[in-house]
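The numbering used here numbers the first residue of the sequence shown as 96 and each following residue consecutively. Built from N, CA and C at the ideal position, the CB exists for glycine as well.
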Amino acid sequence: MTDVTGADDVLHTLFRSDQGGHEQVVLCQDRATGLKAVIAIHSTALGPALGGTRFYPYATEAEAVADALNLSRGMSYKNAMAGLDHGGGKAVIIGDPETIKSEDLLLAYGRFVASLGGRYVTACDVGTYVADMDVVARACQWTTGRSPENGGAGDSSVLTAFGVFQGMRASAQHLWGDPTLRGRKVGIAGVGKVGRHLVEHLLADGAEVVITDVREESVRAITASHPEVAVTADTEALIRTEGLDIYAPCALGGALNDASVPVLTAKVVCGAANNQLAHPGVEKDLADRAILYAPDYVVNAGGVIQVADELHGFDFDRCKTKAAKIFDTTLAIFARAKEDGIPPAAAADRIAEQRMAEARQH
96 MTDVTGADDV LHTLFRSDQG GHEQVVLCQD RATGLKAVIA IHSTALGPAL GGTRFYPYAT
156 EAEAVADALN LSRGMSYKNA MAGLDHGGGK AVIIGDPETI KSEDLLLAYG RFVASLGGRY
216 VTACDVGTYV ADMDVVARAC QWTTGRSPEN GGAGDSSVLT AFGVFQGMRA SAQHLWGDPT
276 LRGRKVGIAG VGKVGRHLVE HLLADGAEVV ITDVREESVR AITASHPEVA VTADTEALIR
336 TEGLDIYAPC ALGGALNDAS VPVLTAKVVC GAANNQLAHP GVEKDLADRA ILYAPDYVVN
396 AGGVIQVADE LHGFDFDRCK TKAAKIFDTT LAIFARAKED GIPPAAAADR IAEQRMAEAR
456 QH
């Protein structure tokens, strides 16, 4: 007899909780390769669901399902705010990519994505890279984030960082009346794929940069090229840094929570990480402390703009032009928040939900 312990929790989350509203959730398993994956499609109102594949050693399967649901919902809002004709989807592969990732596993995963017939288009995320998408693409035509040699656009972190930088410029314009980071102290938590490019933009604009990362090699790579960049021991120290103007969470989600928000010294939060708000209500806590929050799924949309463009024959300049509009979109959200008397995160949600609702009527 099959043990279905925990199945009720998954079904409740999918159908009846605040996280619900998803169109489809697919549980994938390939015993031969060790693949266990969850593909979550939140919405196809605006078009095929688009979102990356996260490869992560989740503590439990329930945690993996919850992450897929949260991330896919976030992609619906991100794609809507980026003006893309795509809904939201996300996939997670359960396990440590350092130990179980293999060509056969990625091919098996690609076959599962292909079985959805184009309802879900995948790309890179935490734990997956361009080389991985090249493998997945051999089994699935609905794959983006591939290498230029294989008809793709390559690393999407370049435009993700550019978009976050535009969000920071908009935040500076809104708060200080000038869209420059010159002389501002910016703290970046996570200087991996996106964070390292963000450092370059900020230094070029004249900002003072402070960084931290759990990987020492990532920190060393930055300080070797830019000895002027300061380093803190960990995120706990970074968020308490005296004189910090902007905090940029660029690692995993949940960075803004009941423990971090009360001690944040920054006046602005604008970073690349997905799902930065640990739970509903955190956006109000930020507003109560007069901390300006640039919604994560708005400012980090540069990457999805790039991978979406790949489906139509990639053009970097066209993508960069679209990503530059994140500046105007962020300003519009701040204006809507002020007009409606709500936090920016709620204002962004309203605008995105309006676009999805209008699409469903056609």
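Assigned secondary structure, residue i (DSSP; H/G/I helix, E/B strand, else coil)
i: Arg384; result: coil
i: Lys280; result: strand
i: Leu106; result: helix
i: Ile334; result: helix
i: Val120; result: strand
i: Cys345; result: coil
i: Ala459; result: For the chain, the structure presents residues 96 to 457; residue 459 sits outside this window and is missing.
i: Glu323; result: coil
i: Gly178; result: coil
i: Val358; result: helix
i: Ser197; result: coil
i: Ala447; result: helix
i: Met96; result: Low per-residue confidence applies at Met96: pLDDT is 43, beneath 50, and the placement is therefore not dependable, though the value from the model is reported in the following sentence. In this structure, Met96 counts as coil in the three-state DSSP scheme.
Residue i burial status per 10 Å Cβ neighbour count (16 or more: buried)
i: His107; result: exposed
i: Pro243; result: exposed
i: Gly212; result: exposed
i: His374; result: exposed
i: His269; result: buried
i: Gly247; result: buried
i: Gly190; result: buried
i: Glu405; result: buried
i: Met96; result: With a pLDDT of 43 at Met96, under the threshold of 50, the modelled position of this residue cannot be trusted, and the question is left open.
i: Arg455; result: exposed
i: Pro143; result: buried
i: Gln124; result: exposed
Beta-carbon spacing of residue i, residue j below 8 angstroms
i: Val356; j: Thr327; result: no
i: Ala385; j: Met176; result: no
i: Gly222; j: Pro192; result: yes
i: Tyr151; j: Val187; result: yes
i: Leu293; j: Cys235; result: no
i: Ile317; j: Val309; result: no
i: Ala265; j: Thr416; result: no
i: Ala159; j: Val133; result: yes
i: Ala267; j: Leu276; result: yes
CB-CB length for residue i against residue j, believed under 8 angstroms
i: Thr217; j: Gly147; result: 7 angstroms
i: Glu378; j: Leu387; result: In fact, because the Cβ distance is near 11 angstroms, the residues do not count as touching under 8 angstroms.
query = Is the segment 181-189 in contact with the segment 120-138, if contact means three or more CB pairs nearer than 8 angstroms?
reply = Between the segment 181-189 and the segment 120-138, the count of C-beta pairs closer than 8 angstroms reaches three or more; the two stretches touch.
ask   = Are three or more beta carbon pairs between the segment 332-343 and the segment 308-315 nearer than 8 angstroms?
value = No, they do not touch.
inquiry  = Using a Cβ distance threshold of 8 angstroms, determine whether the segment 252-266 contacts the segment 395-410, with at least three qualifying pairs required.
reply    = Yes: the two stretches touch, three or more of their Cβ pairs being nearer than 8 angstroms.
query = Any contact of the segment 423-437 with the segment 283-299, i.e. 3+ C-beta pairs under 8 angstroms?
reply = With a cut-off of 8 angstroms, the segment 283-299 and the segment 423-437 do not count as touching, because too few Cβ pairs lie within range.
message = Using a Cβ distance threshold of 8 angstroms, determine whether the segment 194-210 contacts the segment 159-166, with at least three qualifying pairs required.
response = Too few Cβ pairs lie closer than 8 angstroms, so no.
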